[in-house]
Amino acid sequence: MGSYGSDFASRAFRGMVTFFISCFFRVLSVGPIPTHLAFVLDGNRRFAKKSELEVSAGYKAGYFAFVSLLLYSYKLGVKYVTIYAFSIDNFRRPPKEVKIIMDLMQEKAGGFLEKDSLVHRLGVRVFFIGNLKLLSDPVRITAEKVMKATANNTNFVLSICVAYTSTNEILRATERSCKAQQSASSDILYEYPATTSVNENLTSKAQIDVDSGVEEKQEMNQSEPTNGMIKGIFQSKNGEGQCPPSIKLVDIEKHMDMAIAPEPDVLIRTSGETRLSNFLLWQTSSCLLYSPHALWPEIGLRHFVELILSKMGKHGRDLVSRLFRGATMLVISCIFRILSVGPIHSHLAFVLDENRRFAKKKCARRRGWL
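First residue of the sequence shown: 67, per the numbering used here; consecutive thereafter.
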């Protein structure tokens, strides 16, 4: 076939890989598929250092890894993906590095506004989650434009956590819940006790959900039962005390930034780290944690399949065994179909030699002579 054959083989190989991945995801989708995947994008700087690249090149490589995993998630049938792109704590990094990240974020988010962009082709609705007031005006305005431009997309939801920490999310959700109570009781003023803060009042949730010591249990038994409610001091406008309304946990949850998505099924943090780093603390009490040792820009199809199979458990292992046998036959069949397009020899002759030596070698191996 010559040069024609090499070009043909290259195109055939790419098409075969794409076809194989599509078939692979179709088979995987037969088993239990997670609805929501959350990613902590860890290892971009270490990848740049390891590869002797500029820091900016490490973050750009991380973006391409993100696009690949977004496509894999979409093809598999996952409905929600959340990524931890930038923490509030990351503002403490060197200003040059923060600028690199923000410029890259603005550039890539701006690309989402194009009609032929990936998010519009796949029908992805994009949310930027976090305290967006902390962002610079150009980045914040771009984020708001993307959310507005993708508001009608319904196939998939992508949540990008930027200027985000979970404790900040809980704090802002509690403040919004308090304001909602004030609106419901317009003649009542809500004030926290002078000796406490919003964060201290949030410990009520921990006391309800977790046995945190004998002394706390005794205090709770001596006081009025909370039943999952947070109470403060209410006072009427004329100064007379009134019975305060209660803030239930469900009220806080509906005011959370992540109320747009169900709780994650799997949280993936690359680089082998198992810390949550203040990410989705409220939402990840019962989700699976997957920590591949690959740095974020190195993560690929193999790691994605591993996390899906880890979610499937024993069903996933049985599925892989059947899938491997079926895929082998499918690949062989595809190779022969592709080869049949080119010029094929009409007659092949075989000399069946070496049978006795092969049998002798096999026998020697069985007996441990080789």
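Glycine is no exception: its CB is placed at the ideal position from the N, C-alpha and C atoms. Keep in mind that this is a model prediction, so the values were computed, not measured.
Excluding the five sequence neighbours on either side, which residues of its own chain have a C-beta within less than 6 Å of the C-beta of residue i, listed in chain order?
{"i": "Arg191", "result": "Thr216, Asn219, Val223"}
{"i": "Lys271", "result": "Note on Lys271: pLDDT 41, under 50, position unreliable in the model; no value is reported."}
{"i": "Ile87", "result": "none"}
{"i": "Asn293", "result": "Confidence at Asn293 is low in this model, with a pLDDT of 46, below 50, so the placement of that residue should be treated as unreliable; the coordinate-derived value is given next. For Asn293, where only same-chain residues beyond five positions count, there are no Cβ hits under 6 Å."}
{"i": "Ser122", "result": "Ile166"}
Decide if residue i is buried, meaning its Cβ has at least 16 other Cβ atoms within 10 Å, or exposed.
{"i": "Ser441", "result": "Absent from the structure is residue 441, since the part of the chain shown begins at 67 and ends at 436."}
{"i": "Glu241", "result": "exposed"}
{"i": "Phe130", "result": "exposed"}
{"i": "Thr45", "result": "Nothing can be reported for residue 45: it is not among the residues displayed for the chain, which extend from 67 to 436."}
{"i": "Phe85", "result": "exposed"}
{"i": "Leu346", "result": "buried"}
{"i": "Leu418", "result": "exposed"}
{"i": "Asn421", "result": "exposed"}
{"i": "Phe424", "result": "exposed"}
{"i": "Val205", "result": "buried"}
{"i": "Gln308", "result": "Because the pLDDT at Gln308 is just 49, under 50, the model does not fix this residue reliably, and the point stays unresolved."}
Along the chain, where does the beta strand (DSSP E) containing residue i start, and where does it finish?
{"i": "Val332", "result": "332-335"}
{"i": "Cys227", "result": "222-230"}
{"i": "Ile149", "result": "146-153"}
{"i": "Leu106", "result": "Here residue 106 turns out to be Val, not Leu, going by the sequence shown. Start and end: 102-106."}
{"i": "Leu137", "result": "From DSSP, Leu137 is part of no beta strand (DSSP E) but of the alpha helix (DSSP H) over 121-142."}
How far does the alpha helix (DSSP H) with residue i in it extend, from its first residue to its last?
{"i": "Arg159", "result": "Taken as a continuous stretch (DSSP letters only), Arg159 belongs to no alpha helix (DSSP H), as it is neither H nor E."}
{"i": "His186", "result": "184-188"}
{"i": "Val205", "result": "203-215"}
{"i": "Phe113", "result": "110-116"}
{"i": "Leu315", "result": "315-320"}
Suppose the cutoff is 7 Å on Cβ atoms and the five residues either side in sequence are ignored; what does the same chain contact list for residue i look like?
{"i": "Leu373", "result": "Val332, Ile334, Tyr356"}
{"i": "Asn221", "result": "Leu188, Gly189, Val190"}
{"i": "Ile207", "result": "none"}
{"i": "His369", "result": "Pro358, Ala360"}
{"i": "Ser183", "result": "Gly177"}
Grab me the residues of residue i's own chain with a C-beta within less than 8 Å of its C-beta, minus the 5 sequence neighbours each way, in chain order.
{"i": "Leu268", "result": "At Leu268 the pLDDT is 41, less than 50, meaning the model places this residue with poor confidence and gives no usable figure here."}
{"i": "Phe416", "result": "none"}
{"i": "Asn234", "result": "Ile154, Gly196, Asn197"}
{"i": "Ser202", "result": "Met168"}
If residue i sits next to residue j, beta carbons under 8 Å apart, how far is it from one beta carbon to the other, in whole angstroms?
{"i": "Tyr146", "j": "Leu107", "result": "At roughly 17 Å, the Cβ-Cβ gap does not stay under 8 Å, so Tyr146 and Leu107 are not in contact."}
{"i": "Tyr230", "j": "Ile195", "result": "6 Å"}
{"i": "His186", "j": "Glu329", "result": "With 8 Å as the limit, His186 and Glu329 do not qualify as a contact, their Cβ atoms being about 28 Å apart."}
{"i": "Ile437", "j": "Tyr125", "result": "In the structure as shown, the chain begins at 67 and stops at 436. Residue 437 is therefore absent and cannot be evaluated."}
{"i": "Ile326", "j": "Leu135", "result": "About 20 Å separates the two Cβ atoms, so there is no contact after all."}
{"i": "Gly143", "j": "Ser337", "result": "Actually they are not in contact, since the Cβ atoms of Gly143 and Ser337 sit about 27 Å apart, beyond 8 Å."}
{"i": "Ala127", "j": "Pro363", "result": "4 Å"}
{"i": "Val212", "j": "Phe157", "result": "The pair is not a contact, with the Cβ atoms about 21 Å apart (cut-off 8 Å)."}
So, using beta-carbon positions, are residue i and residue j closer together than 8 Å?
{"i": "Val228", "j": "Phe152", "result": "yes"}
{"i": "Gln247", "j": "Ile313", "result": "yes"}
{"i": "Phe113", "j": "Leu367", "result": "no"}
{"i": "Ser243", "j": "His359", "result": "no"}
{"i": "Ser232", "j": "Thr148", "result": "no"}
{"i": "Ala209", "j": "Ala175", "result": "yes"}
{"i": "Lys437", "j": "Pro100", "result": "Lying outside 67 to 436, the shown extent of the chain, residue 437 is not represented and no answer is given."}
Shorter than 8 Å from the beta carbon of residue i to some beta carbon of chain D?
{"i": "Val147", "result": "Protein chain content of the structure displayed is limited to a single chain, and chain D is not contained in it."}
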